[in-house]
Every structure is written in C-alpha cells, then in structure tokens.
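Residue numbers (the numbering used here), protein chains in the order written: chain A, 3 to 114; chain B, 350 to 466.
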Amino acid sequence: QKEVEQNSGPLSVPEGAIASLNCTYSDRGSQSFFWYRQYSGKSPELIMSIYSNGDKEDGRFTAQLNKASQYVSLLIRDSQPSDSATYLCAVNVWQAGTALIFGKGTTLSVSS
Amino acid sequence: GAVVSQHPSRVICKSGTSVKIECRSLDFQATTMFWYRQFPKQSLMLMATSNEGSKATYEQGVEKDKFLINHASLTLSTLTVTSAHPEDSSFYICSARGGGEGDYGYTFGSGTRLTVV
C-alpha cells in the first residue's frame, strides 16, 4: 500500500511567523513531489513541485526534499491570514502509472 | 498556463438517476486524465485513470459499471455516475496531464459538487 502521510493539524501560527508543514511517503520509487493548497469547496491549486533532494524556494515558500528519509516539507515564511487553508502533499508513484497520490492534508490557520 | 474546464460545478440529482461530468483541456492535449473523489474533510482519492482511446483503469474498490469514464478525444473526458445514490454525494475533481513533466504536468479542474437526494 503506497501511502502519503501528513499531520492533519490544525496547525496554528500567528501572522508573520513561519509555518512548517511535513509529509512522509512510503514508496522509495517516488520521483515527483508536489504541494497543493486547497480552500474549502475549491479545487487544489499548485504551490510548488520538487524533484531533487535539497531546497527549492519560490517567494515566501520553500519546499525541502530528503529522499533518503522519504520526507518532504513546505515552509511558509511571513505567514498571512490568506494562507489559511488545507495543504496537500502529493507524490507521483511511478509504479502506479502517472497518478498523483495525495496525503490527507494539513489544515493551517494563520491568526492576525 | 494549462487550463482544465470542468462542468457542471454543482449538480443535484434524484436517487436512481445518472449524472455526467465533463472535463476539458482547453489549451493542451491531455493524453491522460484522472478522476478523484473527495468526501468532506478527507483527501482526494484517485478513482480511475483514463488514456485517450483506451479503457479506463479503475482503482481497487471503485465500481467501473457505476462510474463510467469515457476519454474519446485528447481534450475531453467524461465521468458518468450511474444510478446515483446518496452515498455517491461527493466532490469530484478531474486532473489532466499533458505530454511532459514539470510544474504544469498536472492540471486540475474546478471540481463538481454532486448531491444525490
């Protein structure tokens, strides 16, 4: 059973703080890793993708990947109330074809 | 960027009827499309994978005769929920994949909220 695990939260941070979201995956054959943000009742929207070990930065967002530990994280700097949403970690499980497998998501709440 | 149009956004139907959901890639050819279902406060669960011109591959536990998927062209995939029951009420989301890898390899539709009464 290929799994993607996330802490469901809620994760609460004050405005301006750093929010740290974590994700682990079970299949060592996974090759592509994605972070999506989903507002209630809406479709997921892509925040970042990462394919290689290390950090990848895009504005206030930094994705970190450690394939040896099967761990991927998302850091949100200077968190804003508009960042309050559910963050979904998704992994491309190659053996299953090209579908993305999603974690259950972490709910982030940023208080002003 | 790539756009996937999904319709309808909301539908209410009576128990026992069928509902069709359309997913169109507007500016790229989608060789593969995926259908997900999401129950409240749950994650997206992959239902099936369809490739243009071939039969869909369903995930374990998904009834292929109940959830009919047709991917007749490179820009259109449809999901038909047949003989719908209240337990089929859910948020259905399609995702399309073009020919290449990268940040825009997966594009999601806006979702369809199905309510069966």
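Beta carbons: idealized from backbone N, C-alpha and C, even for Gly.
These numbers come from a predicted model, not from an experiment.
Legend entry - Residue burial classification, asparagine 94 (chain A) (beta-carbon count within 10 angstroms, cutoff 16): Along the first sequence, one-based indexing puts residue 94 (chain A) at 92. Buried, because 16 or more other Cβ atoms sit within 10 Å of the Cβ of asparagine 94 (chain A).
Inset, instruction - Go ahead and label glutamine 97 (chain A) buried or exposed: buried means 16 or more other beta carbons lie within 10 angstroms of its beta carbon, across all protein chains shown. - result: The residue labelled residue 97 (chain A) in the question sits at position 95 within the first sequence. Unreliable positioning characterises glutamine 97 (chain A) in this predicted model, as indicated by a pLDDT of 48, which lies under 50. The coordinate reading is nonetheless provided below. Looking at its Cβ environment, which holds fewer than 16 other Cβ atoms inside 10 Å, glutamine 97 (chain A) is exposed.
Inset, instruction - Please determine if the segment 359–367 of chain B and the segment 420–433 of chain B are in contact, where contact requires at least 3 C-beta pairs separated by less than 8 Å. - result: yes
Legend entry - Extent of the continuous beta strand (DSSP E) run through alanine 21 (chain A): What you label residue 21 (chain A) is simply residue 19 of the first sequence in a count that begins at 1. Run containing alanine 21 (chain A): 21–27, per the beta strand (DSSP E) assignment.
Inset, instruction - For glutamate 5 (chain A), name the three-state secondary structure that DSSP assigns. - result: Mapped onto the first sequence, residue 5 (chain A) falls at position 3. Of the three classes helix, strand and coil, the one that applies to glutamate 5 (chain A) here is coil, per DSSP.
Inset, instruction - Examine chain B for any beta-carbon lying closer than 8 Å to the beta-carbon of threonine 26 (chain A), and answer yes or no. - result: Along the first sequence, read from residue 1 onward, the residue named residue 26 (chain A) stands at position 24. Threonine 26 (chain A) does not count as touching chain B.
Inset, instruction - Using a Cβ cut-off of 8 Å (strictly closer), state whether serine 45 (chain A) contacts chain B. - result: Taking the first sequence and counting its residues from 1, the one referred to as residue 45 (chain A) is at position 43. It does: the Cβ of serine 45 (chain A) has a partner Cβ on chain B nearer than 8 Å.
Legend entry - Touching by the beta-carbon criterion (3+ pairs, under 8 Å), the segment 64–82 of chain A and the segment 31–49 of chain A: yes
Inset, instruction - Give the interface partners of tyrosine 407 (chain B) over in chain A, defined as CB-CB distance under 9 Å, in chain order. - result: Residue 407 (chain B) sits at position 58 when you count from the first residue of the second sequence. Under the 9 Å cutoff, chain A gives no residues; its nearest Cβ is about 12 Å from tyrosine 407 (chain B).
Legend entry - Selected residue, minimal CA-CA separation from leucine 423 (chain B), among B:Ser374, B:Ser459 and B:Gln409: Residue mapping note: residue 423 (chain B) aligns to position 74 of the second sequence, counting from 1. Among B:Ser374, B:Ser459 and B:Gln409, the Cα nearest to that of leucine 423 (chain B) belongs to B:Ser374.
Legend entry - alanine 101 (chain A): contacting residues in chain B (beta-carbon distance under 7 Å): To locate residue 101 (chain A), count along the first sequence from 1; it is residue 99. Ordered by position in chain B, the residues that pass the 7 Å Cβ test against alanine 101 (chain A) are Phe383, Leu395 and Thr398.
Inset, instruction - Determine, using beta-carbon pairs with one atom in the segment 402–409 of chain B and one in the segment 13–28 of chain A, whether at least three such pairs fall under 8 Å. - result: no
Inset, instruction - Just mark aspartate 80 (chain A) as buried or exposed, buried being the case when its beta carbon has 16 or more other beta carbons within 10 Å. - result: As a first step, residue 80 (chain A) must be located in the first sequence, where it is residue number 78. Classification of aspartate 80 (chain A): exposed, given that the 10 Å Cβ count is below 16.
Inset, instruction - Give me the Cα-Cα distance between proline 16 (chain A) and serine 86 (chain A), rounded to the nearest whole angstrom. - result: On the first sequence, residue 16 (chain A) is found 14 positions in, with the first residue counted as 1. On the first sequence, residue 86 (chain A) is found 84 positions in, with the first residue counted as 1. Approximately 11 Å, taken between the alpha carbons.
Inset, instruction - Within its chain, find whatever has a CB closer than 7 Å to the CB of tyrosine 41 (chain A); leave out the 5 residues flanking it on each side and keep chain order. - result: In the first sequence, the residue the question calls residue 41 (chain A) occupies position 39. The answer, listed in chain order, is Ala87.
Legend entry - For aspartate 57 (chain A), three-class secondary structure by DSSP: For the purposes of this step, residue 57 (chain A) is identified with residue 55 of the first sequence, where counting begins at 1. Note: aspartate 57 (chain A) maps to strand in three-state DSSP.
Legend entry - Opposing strand residues paired with leucine 463 (chain B) [DSSP bridges]: Position 114 of the second sequence holds residue 463 (chain B). Answer is B:Val360 and B:Ser439, bridged to leucine 463 (chain B).
Inset, instruction - Starting from the beta carbon of arginine 446 (chain B), find every residue of chain A whose beta carbon is closer than 7 Å, and list them in chain order. - result: Your numbering for residue 446 (chain B) matches position 97 in the second sequence. Ordered by position in chain A, the residues that pass the 7 Å Cβ test against arginine 446 (chain B) are Thr100.
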